[in-house]
Amino acid sequence: MDVFAVCLTAWLAMTGWGAAATLQSTATGREKLFWIGLLAFPALGFLAWYVMGPGSKSPFDSERGA
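Residue numbers (the numbering used here): -19 to 46.
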C-alpha cells in the first residue's frame, strides 16, 4: 500500500470512531449534529471541489501580461 492509502484508511478509521463516540455520548441532539457536521466537513469540501471541478475558472485564474 502506498502512503495515500494508509493515510486515507487512518483518516476514515478516526472519523468513524469519532462519529460513533459522538452518537453514543450524552450530548443533546443539536450538539451531536454539530460535531457530526464538523467531522463530515472535510469530506463534503472535497466532494464540492470534485463536483465543481479543479479546473473551474475563477477571477484569480486570469493570466497577467508580463
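Where a beta carbon is used, it is the ideal one built from N, C-alpha and C, also for glycine.
Quick one: any contact between the region -5 to 3 and the region 12 to 31, if contact means 3 or more CB pairs under 8 Å? yes
With H, G and I counted as helix, E and B as strand and the rest as coil, what does DSSP make of residue 8? coil
So, with DSSP's three-state summary, where would you put residue 46? The pLDDT assigned to residue 46 is 48, lower than 50, so where the model puts this residue is not dependable; a value taken from the coordinates is nonetheless given after this. Coil.
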